[in-house]
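Protein sequences, first through last, are from chains A and B. Just so we're aligned, residue 514 is where the first sequence starts under our numbering, counting upward by one. Just so we're aligned, residue 514 is where the second sequence starts under our numbering, counting upward by one. Ideal Cβ positions, reconstructed from N, Cα and C, are used throughout, including at glycine. Down below is the structure, laid out as structure tokens.
Protein chains: 2
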Amino acid sequence: MAPIKFSVEKKIPNRLGRAGILECAHGTIQTPAFVTVGTKATVKALTPEQVKELGAEVVLANTYHLYLEPGDALVKTAGGLQRFMHWEGPTMTDSGGFQVFSLGAAYGKSVSKIADARAIGASDEENPQSEPAGKLVKIDNEGVTFKSVLDGSTHRFTPERSVEIQHNIGADMIFAFDECTSPSAPLEYQREAMERTHRWAKRSLDYHESKDARKSQALFGIVQGGRFEDLRKESAKYLASMNFDGFGIGGSFNKDDMYDSVEWVNGILPEDRPRHLLGIGEPADLLGAIENGCDLFDCVAPTRMARNGALYTLHGKINISNARFTGDFTKIDEKCACYTCTHYTKAYLSHLFRAREMLAATLASIHNLYFIVNMVKKIRKSVLDGTFTEFRESFLAAYQT
Amino acid sequence: MAPIKFSVEKKIPNRLGRAGILECAHGTIQTPAFVTVGTKATVKALTPEQVKELGAEVVLANTYHLYLEPGDALVKTAGGLQRFMHWEGPTMTDSGGFQVFSLGAAYGKSVSKIADARAIGASDEENPQSEPAGKLVKIDNEGVTFKSVLDGSTHRFTPERSVEIQHNIGADMIFAFDECTSPSAPLEYQREAMERTHRWAKRSLDYHESKDARKSQALFGIVQGGRFEDLRKESAKYLASMNFDGFGIGGSFNKDDMYDSVEWVNGILPEDRPRHLLGIGEPADLLGAIENGCDLFDCVAPTRMARNGALYTLHGKINISNARFTGDFTKIDEKCACYTCTHYTKAYLSHLFRAREMLAATLASIHNLYFIVNMVKKIRKSVLDGTFTEFRESFLAAYQT
């Protein structure tokens with residue numbers, strides 16, 4: 514029996530987008546769905562109950578971080594990620610590829626998943642401080658050797674090792690080891706990296722299929738190819754030919770061609786398996802990615818921005834630290850039904866941020882995650898109702914980026 | 514009608530200690546009770562729901578801090594402390610005296626409520642970093658002039674102003690303005706400060722009685738007198754003769770004579786009004802103070818220690834950052850029924866502390882507050898059951914300080 518079961522409920526007419534149901538060992542996800550990031554086996558500043566209450570259905574932890582601290586063997590001994598962190602729903606881990614490569618700054622260029630620097634929305638907290646190029650990471654055809662950001666010790670990830678670590682962590686859905694390149698990498702390097710990612714995808718899958726974890730954990734293969742149409746299509750065809758339970762779509766994109774890239778890929782990937790767009794989570798990006806056939810998304814932007822006081826509203830983001838909010842006794846967003854908006858005013862949040870109180874991060878994270886998670890739920894409903902286009906137009910008309 | 518109603522249910526035989534019921538405008542407190550500190554209108558790292566769930570019945574905020582940030586006028590506009598911070602139970606504010614004086618380091622000596630340095634348990638986070646003596650504070654017979662720790666601006670508290678600020682903040686129970694001295698201050702200075710505190714108590718009460726807030730807010734007078742028996746008794750007699758709704762017992766004490774001091778005072782204070790021992794909260798201190806007639810206690814120790822990884826167990830405190838806990842999959846305290854102990858292991862908490870995750874502070878604070886709040890509830894039950902002495906002996910035999 515397959516570790517996950519995915520079915521498409523309804524499609525957006527003439528588009529690749531769809532609403533579906535994804536059944537995992539630890540619960541069911543209604544797609545499209547925003548995947549909450551819990552980098553180090555905790556969604557920053559929130560209890561699992563708070564994460565669940567705001568509507569999140571699934572948590573993604575980072576393999577790189579858990580491998581270094583507290584170690585995947587310890588998470589395994591604890592009974593796996595879910596038990597360790599007391600999250601009772603479905604879980605995912607990424608492959609560690611993005612973090613490993615971001616340490617090496619992708620051959621001298623700082624890594625971002627989207628070339629146009631969209632500040633917080635495009636950057637990732639899983640991305641540790643960059644060191645000079647190549648200093649911390651060395652890629653060869655068999656794997657990657659890197660130094661720990663914690664203590665400088667040397668480590669090595671191979672496709673087999675990445676999957677083994679993810680078996681130990683024990684999430685419901687895991688990813689094949691991949692190489693994440695910079696959006697500005699030239700064609701020849703993108704091809705070389707893509708071909709390496711393909712070989713690693715096969716090795717990841719072979720290793721996974723040889724283990725018992727195959728029965729309870731779903732393995733997703735990752736499509737790469739940068740911003741080049743021919744590479745993206747070649748990568749999608751190659752991955753689609755393999756026995757993956759689902760697919761990831763990895764960076765890197767240019768801001769303006771992300772939806773095209775996603776459409777190239779999703780037009781080729783099999784319709785009966787879920788597609789996860791890695792590291793994307795700004796409202797406009799979610800609309801474009803869902804329209805073009807993506808089912809899952811993870812991004813640290815909502816929680817990271819929340820901790821910096823940047824809060825979503827239907828009219829765009831506000832910075833709660835702005836002086837004009839100190840005496841504002843309205844909610845962050847008058848139409849929002851989250852815990853934070855139900856009980857607290859902008860004036861109170863403004864006070865918490867100015868006083869550097871930890872509750873500031875908690876309340877802001879609840880609001881931002883609720884905003885994004887429930888925005889995706891509304892998109893899902895619009896797909897089911899046949900009103901996606903109206904929803905998108907109406908949302909984008911009000912939302913100022 | 515009085516703003517609060519207090520009744521004694523049962524006394525400890527041959528002692529001053531008692532169990533009682535304290536009815537306030539915003540709820541009922543079963544005494545003895547530990548008062549959770551929410552310095553800046555937030556119990557650090559916790560939502561009000563988490564505070565309530567762990568068993569806390571009342572929150573105390575600090576007048577000094579709220580006056581400086583966000584300002585008492587803003588809290589008033591918000592509808593008062595309860596509405597501002599979304600705490601639906603009873604509230605208190607202190608007079609600001611302790612913070613104001615701790616800034617001035619009480620004429621050249623650093624202020625602590627207990628002379629013997631008991632590290633965290635005796636220190637307070639409401640006590641900002643000390644500056645050289647007299648630099649930030651100037652006391653005269655009419656009031657205190659001080660500089661803000663936030664921006665160096667000059668402010669002045671008088672008894673009238675302290676009570677006015679507390680009216681604006683709007684807590685159920687408030688305190689008369691007092692001077693908190695160092696335990697090491699000589700007799701002559703303690704007498705001078707006590708007499709000033711008495712004059713300020715009368716002025717605080719006069720101001721309070723002239724205002725409508727009298728109907729909804731209870732005013733507590735504060736007994737001072739340091740570690741001198743004659744001063745403590747004189748102070749208790751003086752305060753007892755006045756029309757206060759309850760009483761605070763202020764520092765300073767020596768470690769060894771605190772219970773004596775409390776007994777001197779509570780033997781004189783009227784039995785039909787609640788007594789709040791200010792700033793005390795270590796387990797052994799709570800037992801001694803309750804035995805000797807105190808009903809309420811506030812202390813930042815449980816939450817401050819929690820944020821530093823020092824966690825209460827029935828056998829004493831442990832430091833969760835200790836290496837031996839990294840692979841320990843047992844609870845903090847096997848007999849504890851708090852949210853944290855119900856769902857998480859020491860290994861997980863150890864991981865959160867090492868990774869400097871905010872959830873560490875939340876889970877640790879829940880545990881420590883639950884421990885103290887519920888220890889006081891157990892003491893209350895033992896008073897009602899007539900088993901206080903057995904409870905005390907059994908607790909102290911197991912608990913290593």
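query                                                                                                             : result
Against chain A: residues of the segment 825-840 of chain B by CB proximity under 7 angstroms                     : Thr839 and Gly840
Buried versus exposed call for B/Asp785 [16 or more other C-beta atoms within 10 Å across all chains shown]       : exposed
Check whether A/Ser748 and A/Gln737 have beta carbons under 8 angstroms apart                                     : yes
Cβ pair A/Tyr720, A/Pro672 closer than 8 angstroms                                                                : yes
Contact between the segment 899-906 of chain A and the segment 581-599 of chain A (3+ Cβ pairs under 8 angstroms) : no
Rounded straight-line distance, which links the Cα of B/Asn575 to that of B/Phe659                                : 16 angstroms
8 angstroms contact criterion, which A/Ile499 and A/Tyr861 should meet: CB distance rounded                       : Given a span of 514 to 914 for chain A in the structure shown, any question on residue 499 of chain A remains unanswerable.
Distance between beta carbons of A/Asn756 and A/Val775, contact taken as under 8 angstroms                        : A/Val775 to A/Asn756, Cβ: 23 angstroms. No contact.
Bridge partner(s) assigned by DSSP for B/His668                                                                   : B/Phe659
8 angstroms Cβ cutoff met for B/Ala554 and B/Leu809                                                               : no
Nearest-angstrom beta carbon gap, B/Asp685 and B/Met605 [assumed within contact, 8 angstroms]                     : 7 angstroms
Beta-ladder partner(s) of A/Gln913, from DSSP                                                                     : A/Gly829
Uninterrupted beta strand (DSSP E) stretches inside the segment 718-752 of chain A (no shorter than 3 residues)   : 731-736
Terminal residues of the alpha helix (DSSP H) in which A/Thr816 lies                                              : Ala814 to Arg820
Element boundaries [alpha helix (DSSP H), containing B/Ser863]                                                    : Lys859 to Arg867
Host beta strand (DSSP E) of A/Arg788 (start-end)                                                                 : Arg788 to Leu790
Inter-residue spacing [alpha-carbon to alpha-carbon] between A/Asn779 and A/Cys807                                : 7 angstroms
Own chain residues within Cβ distance below 8 angstroms of A/Ala858, not counting five before or after            : Looking at the sequence provided, one finds Thr at residue 858 of chain A rather than Ala. Taken in chain order, the residues that qualify are Asp841, Phe842, Thr843 and Lys844.
Range covered by the beta strand (DSSP E) that runs through B/Phe760                                              : Gly759 to Ile762
C-alpha gap between A/Asp811 and A/Lys523, whole angstroms                                                        : 22 angstroms
B/Cys854, DSSP secondary structure in three states                                                                : helix
Range covered by the alpha helix (DSSP H) that runs through A/Ile892                                              : Met871 to Asp898
Contact under 8 angstroms by Cβ, B/Asp585 with B/Ile652                                                           : no
Outcome for A/Ala850 when other beta-carbon atoms lying within 10 angstroms are tallied against a minimum of 16   : exposed
Where A/Ser765 falls: helix, strand or coil (DSSP)                                                                : coil
Own chain, CB closer than 6 angstroms to A/Ile833, minus 5 neighbours either side, in chain order                 : Gly822, Leu824, Leu862, Ser863 and Phe866
Contacts of A/His599 in chain B (Cβ-Cβ under 7 angstroms)                                                         : His856 and Tyr857
Where B/Glu692 sits in the DSSP three-state scheme                                                                : coil
Proximity test, Cβ basis, 8 angstroms: A/Tyr861 and chain B                                                       : yes
Among B/Pro526, B/Ala731, B/Gly656 and B/Phe611, nearest to B/Pro787 - alpha-carbon criterion                     : B/Ala731
Where A/Lys518 sits in the DSSP three-state scheme                                                                : strand
Residue-level contact to chain C via CB, A/Thr560, 8 angstroms cutoff                                             : Looking at the structure shown, chain C is missing, and the protein chains on hand are A and B.
Three-way DSSP call (helix, strand, coil) for A/Ala802 in this model                                              : helix
First and last residue of the uninterrupted beta strand (DSSP E) at A/Asp811                                      : Leu809 to Asp811
Endpoints, alpha helix (DSSP H) assigned at B/Phe597                                                              : Leu594 to Met598
9 angstroms Cβ cut-off: residues of chain B touching A/Lys557                                                     : Glu870, Met871 and Leu872
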